[in-house]
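Enquirer: Once you've had a glance at the structure underneath, I'll fire off some questions.
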Amino acid sequence: MPRRIGRPGLLGTMARTAVIAGTAGAVNRSMNRAASSREQTQADAQAYREQQAPPAAAPPPAGDDVIAKLGRLAELHDAGALTDAEFAAAKAKLLA
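According to my numbering, the sequence shown is numbered sequentially starting from 157.
What follows is the structure in structure tokens.
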């Protein structure tokens, strides 16, 4: 059978189209898998960083306020503005 010169026949064109479409599909799937893998890696890295991060700064403990109030009560007691009973009652109320 003699070889054709010029444009390929119908079967040749179909075969070439099938190869190109198959290659494009394989490349597309590969790129999607790579992007998905990259996104998963980034999400895992972010979750790890959040897990390893120190906890957020807590508000100052309320104990400082109580200590200041106790100091103020002691000053009032020492100045004679509060009796022993009043001082004891106010201190118990603060510490409760």
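Here a beta-carbon is modelled for each residue, glycine too, at the ideal position from N, C-alpha and C.
Check whether the Cβ atoms of Leu232 and Leu250 sit closer than 8 Å, and answer yes or no.
Expert: As a working note, residue 232 is residue 76 in the sequence shown. As a working note, residue 250 is residue 94 in the sequence shown. Cβ atoms of Leu232 and Leu250: not closer than 8 Å.
Enquirer: If you draw a straight line from the alpha carbon of Gln198 to that of Glu206, how long is it in whole angstroms?
Expert: The residue given as residue 198 occupies position 42 in the sequence shown. The residue given as residue 206 occupies position 50 in the sequence shown. Distance between the alpha carbons of Gln198 and Glu206 is about 12 Å.
Enquirer: Using the C-alpha atoms, what's the distance from Ile161 back to Asn184?
Expert: As a first step, residue 184 must be located in the sequence shown, where it is residue number 28. As a first step, residue 161 must be located in the sequence shown, where it is residue number 5. Roughly 34 Å separates the two Cα atoms.
Enquirer: How would you call Arg229, buried or exposed, if buried means at least 16 neighbouring beta carbons within 10 angstroms?
Expert: Position 73 of the sequence shown holds residue 229. According to the sequence provided, residue 229 is Leu. The question's Arg does not apply to it. When all chains shown are included, Leu229 counts as buried.
Enquirer: What are the boundary residues of the alpha helix (DSSP H) that includes Gly181?
Expert: Locating residue 181 in the sequence shown gives position 25, counting from the first residue. Segment Leu166 to Gln208, the alpha helix (DSSP H) holding Gly181.
Enquirer: Any idea what DSSP makes of Ala252, helix, strand or coil?
Expert: Numbered from 1 along the sequence shown, position 96 holds the residue referred to as residue 252. Ala252: coil per DSSP, three-state reduction.
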